[in-house]
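Colleague:
Chains as they are written, first to last, in the numbering used here: chain A, 22 to 499; chain B, 193 to 514.
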């Protein structure tokens, strides 16, 4: 390479990670009843970062009881403006500690520091700020209705945006007057623990937010706990279906934000260079570990040649490597299990006859890595066009007319998001009407704002998070 | 109402545009699809966040020095002033022989012969603005003649301005023809075509003007004169680099790029190089393919280079003001 950028790693010496974390229940860290701990690692180096407590059914019960007590005795009785004060305080503390949070998010999850620094952490703070504002204005959010809280919310979040997903879940729940038991993903629990420390520093009354760590069994215990009034889950469609099955016949409220296989549709009149940026951002952002990733690219046949050429050129400039380096564009795959799943699906793509193009970037020897990849010559029936890969792998398909694009784009069990690239405004509006997806981006991709609702159609889930809509699952209206 | 464009008023003797030129203009216009401003700005600002340290910084800064068109374009320019600038161009940092000479000295036509002599065989090129710089509001014949005489006086490179009036009124043929005629008048001299992007209103127009200039024969396309309110910006440069890339793929011809005006510190200069490197790649990373038009940038780079060498910032008094 002509110009080697010298390493530019973000400093980590200002970050303190404890060797062991217990469960955050009732406003303090308590040892788990299970007496078991599991390791959490840095996926870029495979080095152990800390030991996390594994919450068993007994621990879950303890957390729910604390949440119930805090709900009945404290939080429910607070004046809404008082609740807002705490939420504002949490938001400010996240901002104050943003540098440390970004570094830990990157160390524990593998995402590039520029993303945790510029996107994850600022957006997490923004969500708390946004919902803090609603806390004492709920009657304006739902005019002419009586608004009351629900009770205890059990919230289970994924590993792709750990702190941000915690913010999406906790902020509206607290603003609406509920208390929370949150379970972060087992591979990325560290920023949730830092959030627990922030709750303590903010003097949040004990039990209003409880954070318990563990794997699938912990989540299952939380879902099936009888005293939980509402479950909010973000994760795979497979687990989402299990949760819905488990809760059928109960009066527990449920929202699910599940997988996706989003179409990103590029018309021949699109601003091509910007569309290519949008395609890259759509699928390689956060290593493709994004439920709304634009993983199916539909290109109008008349411009397929330049688009593919530009994609090849652009993908080769992506800098893959140490997530802590400020110049890294694509970081580490979150876990060995995820890497294996990506590899398996990519192998199936090759086997089914699609043509693979992979960046020739060098990958570190240790840790979990996957070079940015795209497939051309993909047909609708290929597994790589149907199944969510949740990795840096794009499937490229073509279309001839807008009708064909709509038909193919909607031809999936998912319906979380979609992208449309065209200079023609009326076409954007028409596509937005016809595409069955919760979020549609026009001439951009992967843009998030706390004021904007997010959620899916079909097997991508139900319920909305963010914006005014994001309050609805956390209130009772009469 | 009188005719809106000068084409109509052109003297009867004016030569008809060759058919090949017309076809080229059509090629240019066909490639002039829209540019999404929000996304282009986002991409430019994300590239500007690259963190360049240590060796990569020193390498980039030295390269930047070798790409500078050291410029003075003022009514009050004198031989004394210009002579000092030429000395600086040849030997930017007398204390550090590792700092390369700049690419060119950029002056008005009247200074060309003098500068040619002052620079001698130093390897620094003589660049002159011509064609009714900076507004371009004069007769085509005069623009062509000015170019011819400036080259005859010894200019290696001509920086011309496009007729923005004609461009904005939709007379692309006039813009195209004028560039082609000036190119012809340049003979062996290299032609840089200044689009004056600050007057073109939006990125769509910047892309269109870039393509017209390249198809009409430009060796370089350049953002600005430095004489209007908005000069070179990172997003405008990105849009022009992308047009250069598309032109290269369509024709196999490599066109150079010159952002000018407002690039006054080392950090910003490095951002431009990152933009170049990650858009057009290694083959454009040399003074034959990229220039930076600047007057005050050089001293800031020298200061940064000295800091990398000694570990401490030196006072401005240690760098010559020319």
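We treat Cβ as the ideally placed atom computed from N, Cα and C, and that holds for glycine.
Which residue from A:349, A:407, A:410 and A:358 puts its Cα closest to that of residue 382 of chain A?
Modeller: Working through the first chain from its first residue, we reach residue 382 of chain A at position 361. Checking every option, the nearest Cα to that of residue 382 of chain A belongs to A:349.
Colleague: Is any beta-carbon of chain B found at less than 8 angstroms from that of residue 66 of chain A?
Modeller: Taking the first residue of the first chain as position 1, residue 66 of chain A is located at position 45. So no, residue 66 of chain A is outside the interface.
Colleague: Is the number of C-beta pairs between the segment 330-349 of chain B and the segment 292-308 of chain B that are closer than 8 angstroms three or more?
Modeller: Yes: at least three Cβ pairs fall under 8 angstroms.
Colleague: What three-state label does DSSP hand residue 228 of chain A in the structure shown?
Modeller: Here residue 228 of chain A corresponds to residue number 207 of the first chain, with the count starting at 1. Residue 228 of chain A falls in the coil class under three-state DSSP.
Colleague: Any residues in the segment 473-485 of chain B with a beta carbon nearer than 7 angstroms to a beta carbon of chain A? Which ones, in chain order?
Modeller: The segment 473-485 of chain B vs chain A, Cβ under 7 angstroms: 474 and 477.
Colleague: Report the neighbours of residue 403 of chain B on chain A: residues whose CB is nearer than 8 angstroms to its CB, in chain order.
Modeller: Taking the first residue of the second chain as position 1, residue 403 of chain B is located at position 211. Residues of chain A passing the Cβ test: none, with the nearest at roughly 13 angstroms.
Colleague: Taking residue 395 of chain A as the reference, which of A:470, A:351, A:240 and A:318 has the closest Cα?
Modeller: In the first chain, residue 395 of chain A corresponds to position 374, counting from 1. The shortest Cα separation from residue 395 of chain A among A:470, A:351, A:240 and A:318 belongs to A:318.
Colleague: In this structure, how does DSSP classify residue 378 of chain A when only helix, strand and coil are distinguished?
Modeller: On the first chain, position 357 is the one that residue 378 of chain A refers to. Residue 378 of chain A falls in the strand class under three-state DSSP.
Colleague: When burial is assigned at 16 or more other CB atoms within 10 Å of the CB, is residue 356 of chain A buried or exposed?
Modeller: As a first step, residue 356 of chain A is located in the first chain; it is residue number 335 there, counting from the start. By the 10 Å Cβ count, residue 356 of chain A comes out buried.
Colleague: Taking the beta strand (DSSP E) that residue 58 of chain A belongs to, which residues open and close that run?
Modeller: As a first step, residue 58 of chain A is located in the first chain; it is residue number 37 there, counting from the start. It spans 58-62 - the beta strand (DSSP E) in which residue 58 of chain A sits, taken as one unbroken run.
Colleague: Note the first and the last residue of the continuous beta strand (DSSP E) segment covering residue 414 of chain B.
Modeller: On the second chain, residue 414 of chain B is found 222 positions in, with the first residue counted as 1. Start and end: 412-414.
Colleague: Once DSSP output is grouped into helix, strand and coil, what is the label at residue 254 of chain A?
Modeller: As a working note, residue 254 of chain A is residue 233 in the first chain. Here residue 254 of chain A sits in strand by DSSP.
Colleague: Quick one: grab the DSSP three-state call for residue 321 of chain A.
Modeller: The residue given as residue 321 of chain A occupies position 300 in the first chain. DSSP places residue 321 of chain A in strand when its eight states are reduced to three.
Colleague: With C-beta atoms as the reference, is residue 494 of chain A less than 8 angstroms away from residue 192 of chain A?
Modeller: The residue given as residue 494 of chain A occupies position 473 in the first chain. The residue given as residue 192 of chain A occupies position 171 in the first chain. Contact flag unset, no.
Colleague: Return yes when the Cβ of residue 127 of chain A is within less than 8 angstroms of the Cβ of residue 456 of chain A, no when it is not.
Modeller: As a position in the first chain, residue 456 of chain A is number 435, starting the count at 1. As a position in the first chain, residue 127 of chain A is number 106, starting the count at 1. Taking 8 angstroms as the Cβ cut-off, residue 456 of chain A and residue 127 of chain A do not qualify as a contacting pair.
Colleague: Which residues in chain B sit within 9 angstroms of residue 9 of chain A, going by Cβ to Cβ distance?
Modeller: Examination of residue 9 of chain A is not possible in this model, given that chain A is present from 22 through 499 alone.
Colleague: If you draw a straight line from the alpha carbon of residue 338 of chain B to that of residue 479 of chain B, how long is it in whole angstroms?
Modeller: Residue numbering aside, residue 338 of chain B sits at position 146 when the second chain is read from its first letter. Residue numbering aside, residue 479 of chain B sits at position 287 when the second chain is read from its first letter. Rounded to the nearest angstrom, the two C-alpha atoms are 26 angstroms apart.
Colleague: For residue 247 of chain B, go through chain A and note every residue whose CB falls closer than 9 angstroms to its CB, in chain order.
Modeller: Translated into positions along the second chain, residue 247 of chain B becomes position 55. Near residue 247 of chain B (Cβ distances below 9 angstroms), the residues of chain A are 25 and 27.
Colleague: Return the CA-CA distance between residue 505 of chain B and residue 281 of chain B, expressed in angstroms with no decimal places.
Modeller: Counting from one through the second chain, the residue named residue 505 of chain B turns up at place 313. Counting from one through the second chain, the residue named residue 281 of chain B turns up at place 89. For residue 505 of chain B and residue 281 of chain B, the distance between alpha carbons rounds to 22 angstroms.
Colleague: In the DSSP assignment, find the unbroken alpha helix (DSSP H) run with residue 320 of chain B in it and report its ends.
Modeller: For the purposes of this step, residue 320 of chain B is taken as residue 128 along the second chain, with counting starting at 1. Note, residue 320 of chain B: premise wrong, no alpha helix (DSSP H); beta strand (DSSP E) at 317-322.
Colleague: In whole angstroms, give me the CA-to-CA distance for residue 264 of chain A and residue 66 of chain A.
Modeller: In the first chain, the residue the question calls residue 264 of chain A occupies position 243. In the first chain, the residue the question calls residue 66 of chain A occupies position 45. Between residue 264 of chain A and residue 66 of chain A, the C-alpha separation is close to 33 angstroms.
Colleague: Using 8 angstroms as the threshold, is the C-beta distance between residue 258 of chain B and residue 286 of chain B below it?
Modeller: Here residue 258 of chain B is taken as the residue at index 66 of the second chain, counted from 1. Here residue 286 of chain B is taken as the residue at index 94 of the second chain, counted from 1. For residue 258 of chain B and residue 286 of chain B, no; Cβs fall outside 8 angstroms.
Colleague: Within the same chain, show all residues whose beta-carbon is closer than 7 angstroms to that of residue 340 of chain B, passing over the 5 residues directly before and after it, in chain order.
Modeller: Translated into the one-based positions of the second chain, residue 340 of chain B becomes position 148. Correct list, in chain order: 377.
Colleague: Look at the Cβ atom of residue 462 of chain A, then the Cβ atom of residue 291 of chain A, and state whether they are nearer than 8 angstroms.
Modeller: Your numbering for residue 462 of chain A matches position 441 in the first chain. Your numbering for residue 291 of chain A matches position 270 in the first chain. Not in contact: residue 462 of chain A and residue 291 of chain A (Cβ atoms no closer than 8 angstroms).
Colleague: If you draw a straight line from the C-alpha of residue 453 of chain A to the C-alpha of residue 42 of chain A, how long is it?
Modeller: Your numbering for residue 453 of chain A matches position 432 in the first chain. Your numbering for residue 42 of chain A matches position 21 in the first chain. Cα to Cα, the separation comes out at about 46 angstroms.
Colleague: When you compare each of A:267, A:163 and A:92 to residue 275 of chain A by their alpha carbons, which one comes out closest?
Modeller: Sequence index remark: in the first chain, residue 275 of chain A carries index 254 (1-based). Closest option to residue 275 of chain A, Cα to Cα, is A:267.
Colleague: Just grab the DSSP bridge partners of residue 550 of chain B for me.
Modeller: Given a span of 193 to 514 for chain B in the structure shown, any question on residue 550 of chain B remains unanswerable.
Colleague: Using the beta-carbon count (16 or more within 10 Å), is residue 129 of chain A buried or exposed?
Modeller: Here the question's residue 129 of chain A lines up with position 108 in the first chain. Buried, since its Cβ has 16 or more Cβ neighbours within 10 Å.
Colleague: Between residue 135 of chain A and residue 347 of chain A, how many whole angstroms is the CB-CB distance? I'm expecting something under 8 angstroms.
Modeller: Here residue 135 of chain A corresponds to residue number 114 of the first chain, with the count starting at 1. Here residue 347 of chain A corresponds to residue number 326 of the first chain, with the count starting at 1. Confirmed, Cβ separation roughly 6 angstroms.
Colleague: Helix, strand or coil for residue 201 of chain B per DSSP?
Modeller: What you label residue 201 of chain B is simply residue 9 of the second chain in a count that begins at 1. Low local confidence applies: a pLDDT of 41 at residue 201 of chain B is under 50, so the model's placement there is unreliable, and no value is given.
Colleague: Excluding the 5 residues flanking residue 244 of chain B on each side, which residues of the same chain have their C-beta closer than 7 angstroms to its C-beta?
Modeller: Here residue 244 of chain B is taken as the residue at index 52 of the second chain, counted from 1. Once the five neighbours on either side are set aside, the close Cβ partners of residue 244 of chain B are 252 and 462.
Colleague: Quick one: is residue 334 of chain B buried, meaning 16 or more other Cβ sit within 10 Å of its Cβ, or exposed?
Modeller: Position 142 of the second chain, counted from the start, is the residue given in the question as residue 334 of chain B. Exposed.
Colleague: Just the C-alpha distance for residue 453 of chain B and residue 277 of chain A, rounded to the nearest angstrom, thanks.
Modeller: In the second chain, residue 453 of chain B corresponds to position 261, counting from 1. In the first chain, residue 277 of chain A corresponds to position 256, counting from 1. Looking at the two C-alpha atoms, the distance is approximately 53 angstroms.
Colleague: Mind checking the segment 256-277 of chain B against chain A and listing, in chain order, the residues whose C-beta falls within less than 9 angstroms of any C-beta there?
Modeller: Cβ contacts with chain A come from no residue of the segment 256-277 of chain B.
Colleague: Give a yes or no on whether 8 angstroms exceeds the smallest Cβ distance from residue 286 of chain A to chain B.
Modeller: As a working note, residue 286 of chain A is residue 265 in the first chain. It does not: the Cβ of residue 286 of chain A has no partner Cβ on chain B nearer than 8 angstroms.
Colleague: Per DSSP, what are the beta-bridge partners of residue 49 of chain A in this structure?
Modeller: Here residue 49 of chain A refers to the residue found at position 28 of the first chain. Partner(s): A:46.
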